[in-house]
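This report refers to the structure that appears directly beneath it.
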Amino acid sequence: MSDPARERAARERDDYFEITELAVDAGGSDPYEYRMGARDAVLAARWAAAADPSDTRIGSALRLAGELTVAVLTSIRSDGETSLEIGGSIRPVVPGLPAEALSGEQWANGLWAATAAGDAASAVRLAVLREAPPGESHEDESLLAAALATWWRNGSDLGSRLIDALVATDPDGRADGDRLLEIAVPLIRVFRHLFADDDEALMAAISDAAARHRAFHRASSGVDRPEQYLSLPLTGLVVLARELSRAVPPDIDVVPDGVLRSSRSQIACAVCGQPLKSAEVVCHWCDADTTVDAPLETSIGELAAGSPTRCPTCSTENRATALRCYSCSASLLPD
Ligand SMILES: [Zn+2]
Ligand SMILES: [Zn+2]
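In terms of our numbering, the sequence shown has 458 at position 328, counting the first letter as 1, and numbering is strictly consecutive.
Here is the structure:
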């Protein structure tokens, strides 16, 4: 990128970081601000990636985007005021946003952003609190996000979700057929190889998806739009691949280094096994006091490992290490 283009990207980045901060501060009294902030944090990450792909603030902005999306969903779903960790501090979330406040696309962006930031706690909440985007769209990326949500919920029907996503990408008769072929189909291929065991094929799929993402955005807009180069889904899938100890190609164009270098240690509730935010003193799911039952340090790979335990009371699939169901609080210990 030329120097003037890079300077412009840096200016846009700084502006979006600033307005995101304002939205985070205002969101405690008006949750619509959290929604604005989620969008602006993604834009901050995009412009930061265009200005300098090694900037570790890209990861923080994506993490914030995921947290703000969780706040929006929490405002929609809850009856009383709650508090959540947003940007490293605990902030109030008032109820009252209507369900339409979060579109399928925004939900998908939040889920990919949390995944790209390696933030399991936000990703799981987005996956669990909204099982699938409502039937408003059959957008390829929303369906791919639905498959990702299945994985974060530890669900066992990932294969059928990916097939749904593939079926929905039939480009015949669709105005956005090119986008499907160039963007969505290569991502579905990466996703499928992530859960097969051929590292060479996974690396080839990642490189192909990156090259096609870049070429598509260069060709379709006619003008260079550097903020489009960051691919949230591909970044998310590459982060998962690394967490699952899979080989990934070095220097992937549309996956900024700054994201791959940010820290990704996780903590999980000692009682229900769900990932937690570090500043939370009460487990969001099962109400365990995290100052008594100290959270367990873990990784995304460990969270995903082991076959889930099905709750005998409500049939929800729980993490293999859970002692109590996160959904209904029933004991998972054998009698
Ligand atoms: Zn818990
Ligand atoms: Zn249960």
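Note that beta-carbon positions come from the ideal geometry of N, C-alpha and C, so glycine has one too.
With a cut-off of 8 Å on Cβ pairs, the region 240-259 is in contact with the region 195-207, counting three or more such pairs. In this structure, S213 sits near P222, with a CB-CB distance shorter than 9 Å.
Within the region 169-241, the runs of alpha helix (DSSP H) at least 4 residues long that lie entirely inside it are, in chain order, 187-207. One alpha carbon belongs to G157, the other to E197, and they sit about 12 Å apart. Between L367 and L426, the gap from beta carbon to beta carbon reaches 9 Å or more. Here the region 337-346 does not lie against the region 145-165, with fewer than 3 beta-carbon pairs under 8 Å apart. A243 is positioned such that its CB atom lies no closer than 9 Å to that of L390.
When the beta-carbon positions are compared, G388 and A179 come within less than 9 Å of each other. At least one heavy atom of ligand 2 lies less than 8 Å from the C-beta of S459. Ranked by Cα distance from W237, the options I216, G248, S219, A279 are led by A279.
Of the candidates I216, I318, A247, the residue whose Cα lies closest to the Cα of I188 is A247. Secondary structure note for E427: its beta strand (DSSP E) is the uninterrupted segment 426-428. A residue is listed when its beta-carbon falls short of 5 Å from at least one non-hydrogen atom of ligand 1; in chain order these are C399, V401, C402, C413, W415, C416, A418.
Closest option to A398, judged by alpha-carbon separation, among S252, E235, P380: S252.
Taking 9 Å as the cut-off, the Cβ atoms of A335 and P316 count as close. DSSP places I397 in the uninterrupted beta strand (DSSP E) bounded by 396-398.
The C-beta distance from L406 to T439 rounds to 19 Å, too long to fall under 8 Å, and the pair is not in contact. The C-beta distance from P386 to P134 rounds to 21 Å, too long to fall under 8 Å, and the pair is not in contact. Check the Cα spacing between S132 and each of E148, A181, R141, R169: the tightest is with A181. In the DSSP assignment, the residues bridged to L406 are I397.
About 27 Å separates the Cβ atoms of C444 and S429, ruling out a contact at the 8 Å cut-off.
Rounded to whole angstroms, the separation of the alpha carbons of T365 and A175 is 12 Å. Placement of the Cβ of T451 at a distance of 8 Å or more from every heavy atom of ligand 2 is found.
Counted as a single uninterrupted DSSP element, the alpha helix (DSSP H) harbouring A139 occupies residues 133-156. Beyond the five residues adjoining it in sequence on each side, N284 comes within less than 7 Å, by CB distance, of P438, E447, R449 in the same chain, given in chain order. Counting along the chain, E373 sits inside the alpha helix (DSSP H) bounded by residues 362-373.
Distances from the CB of S445 to the heavy atoms of ligand 2 include at least one below 8 Å. Put simply, the backbone Cα of D160 is about 29 Å away from that of A418. With distances taken between CA atoms, T451 lies nearest to A435 out of A460, P442, D465, A435.
Rounded to the nearest whole angstrom, the CA to CA distance from H347 to D155 is 34 Å.
Sixteen is the threshold: when 16 or more other Cβ atoms of the shown chains lie within 10 Å of the Cβ of T150, as they do, the residue is buried. In this structure, DSSP gives V389 a helical state, which the three-state scheme calls helix. DSSP places P464 outside any alpha helix (DSSP H), giving it a letter other than H or E.
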